[in-house]
Amino acid sequence: MRERVVFLDRDGVINRFPGIGNYVTRREDFRFLPRVREAVRLLNDAGFELKVLSNQGCVSHGLLTKKELEVITRKMLAGIEKKGGRIKGVHYCPHRTADHCRCKKPETGLFKKAVGWRKFDFSKTYFVGDSREDVEAGRRIGCRTLLVLSGRTKKKDLAVFQPKPDLVKKDLWEAAKWIIQEKS
Numbered sequence: 006m007r008e009r010v011v012f013l014d015r016d017g018v019i020n021r022f023p024g025i026g027n028y029v030t031r032r033e034d035f036r037f038l039p040r041v042r043e044a045v046r047l048l049n050d051a052g053f054e055l056k057v058l059s060n061q062g063c064v065s066h067g068l069l070t071k072k073e074l075e076v077i078t079r080k081m082l083a084g085i086e087k088k089g090g091r092i093k094g095v096h097y098c099p100h101r102t103a104d105h106c107r108c109k110k111p112e113t114g115l116f117k118k119a120v121g122w123r124k125f126d127f128s129k130t131y132f133v134g135d136s137r138e139d140v141e142a143g144r145r146i147g148c149r150t151l152l153v154l155s156g157r158t159k160k161k162d163l164a165v166f167q168p169k170p171d172l173v174k175k176d177l178w179e180a181a182k183w184i185i186q187e188k189s
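Residue 6 is where the sequence shown starts when you use my numbering, and the numbers rise one by one after that.
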């Protein structure tokens, strides 16, 4: 795997955040945020490999099956590919917090799974997320963390937001432009 990797959360980064305690449980409820597919293509064109890492506890809660989650994932990937972008891998944690697994963010298991559980220098990668758990997971594994305000976290939350991300951007489009400029 190359060093030019960007890890992305899903809900609130790629698609509309369904709200605290809610989940995207049907294919028709998955809606891309503005300019997301263009941002993915922009990052791909700049030589970045993208991987999605997402907590989807709705599976353990019995709100949808893994097969139904795969249907939503196929819609996401097809929509991105239709605009000329590509996601290299999608990794989900299907567990509830009570399961005490090692993959639910802020734990780092999804990152390790995404790189094949081998030694990897995460300090040269980026993680774009919309929550405290995303930022904490990215910091724990050693990624540069970008918090986007297109999902769970809003500008008014930043004063008390911990841990602090490396950078805050409006959305994935703005984050992608910054990453490309920073790496060039």
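C-beta atoms are modelled at their ideal positions from N, C-alpha and C, and glycine is treated no differently.
Inter-residue spacing [alpha-carbon to alpha-carbon] between Asp176 and Glu75: Translated into the one-based positions of the sequence shown, residue 176 becomes position 171. Translated into the one-based positions of the sequence shown, residue 75 becomes position 70. Cα to Cα, Asp176 sits roughly 25 Å from Glu75.
So does the segment 38-55 actually touch the segment 179-187, counting three or more Cβ pairs closer than 8 Å? Verdict: yes, contact present.
Is it true that the CB of Glu43 sits closer than 9 Å to the CB of Thr130? Stepping through the sequence shown from its first residue, residue 130 is reached at position 125. Stepping through the sequence shown from its first residue, residue 43 is reached at position 38. For Thr130 and Glu43, no; Cβs fall outside 9 Å.
Got a sec, what are the start and stop residues for the beta strand (DSSP E) Leu55 sits in? The residue labelled residue 55 in the question sits at position 50 within the sequence shown. Judged by DSSP secondary structure, Leu55 falls within the beta strand (DSSP E) whose first and last residues are Glu54 to Asn60.
Within the segment 110-155, ranges of the beta strand (DSSP E) (whole runs, at least 3 residues): List check, beta strand (DSSP E) in window: 131-134 and 149-153.
Can you tell me whether Lys56 is buried or exposed, with buried defined as 16 or more other CB within 10 angstroms of its CB? To locate residue 56, count along the sequence shown from 1; it is residue 51. Under this definition Lys56 is a buried residue.
Have a look at Leu154, Val41, Asn60 and Pro23 and flag the residue whose alpha-carbon is nearest the alpha-carbon of His96. Sequence index remark: in the sequence shown, residue 96 carries index 91 (1-based). For the set Leu154, Val41, Asn60 and Pro23, the Cα lying nearest the Cα of His96 is the one of Asn60.
Going by Cα to Cα distance, which pick from Thr102, Ile146, Ala103 and Arg137 is closest to Lys118? Walking along the sequence shown from the start, residue 118 turns up at place 113. Closest option to Lys118, Cα to Cα, is Ile146.
Assign Lys174 to one of three DSSP states: helix, strand, or coil. Locating residue 174 in the sequence shown gives position 169, counting from the first residue. Three-state DSSP puts Lys174 in a strand.
My output table needs one value for Leu13: the three-state DSSP class, helix, strand or coil. Position 8 of the sequence shown, counted from the start, is the residue given in the question as residue 13. Strand, per DSSP.
Spatial neighbours of Thr113 in its chain, beta-carbon cut-off 8 Å, leaving aside the 5 residues before and after: Counted from its first residue, the sequence shown places residue 113 at position 108. So the list reads Arg107, Ala142, Arg145 and Ile146, once near-sequence residues are dropped.
Let me know the secondary structure DSSP gives Gly24 once reduced to three states. As a position in the sequence shown, residue 24 is number 19, starting the count at 1. Gly24: coil per DSSP, three-state reduction.
So Ile92 and Ile85 are in contact, right, with Cβ under 8 Å, and what is the actual spacing, rounded? Within the sequence shown, numbered from 1, the residue matching residue 92 stands at position 87. Within the sequence shown, numbered from 1, the residue matching residue 85 stands at position 80. Contact holds; Cβ gap of about 6 Å.
Span of the beta strand (DSSP E) around Gly94: Mapped onto the sequence shown, residue 94 falls at position 89. First-last of the beta strand (DSSP E) with Gly94: Gly94 to Cys98.
In whole angstroms, give me the CA-to-CA distance for Pro170 and Leu68. Taking the sequence shown and counting its residues from 1, one reaches residue 170 at position 165. Taking the sequence shown and counting its residues from 1, one reaches residue 68 at position 63. Taking the straight line joining both Cα atoms gives about 31 Å.
Using DSSP bridges, identify the partner residues of Phe37. Against the sequence shown, residue 37 aligns to sequence position 32. DSSP lists Asn20 as partners of Phe37.
Cα-Cα separation, Phe22 to Arg149: In the sequence shown, residue 22 corresponds to position 17, counting from 1. In the sequence shown, residue 149 corresponds to position 144, counting from 1. Straight-line Cα distance between these residues: approximately 22 Å.
For Leu3, which residues of its own chain have a beta-carbon under 8 Å away from its beta-carbon, when the five flanking residues on both sides are left out? In this structure the chain extends from 6 to 189, so residue 3 is not present and cannot be described.
Assign Gly89 to one of three DSSP states: helix, strand, or coil. Position 84 of the sequence shown, counted from the first residue, corresponds to residue 89. Secondary structure at Gly89: coil, using DSSP grouped into helix, strand and coil.
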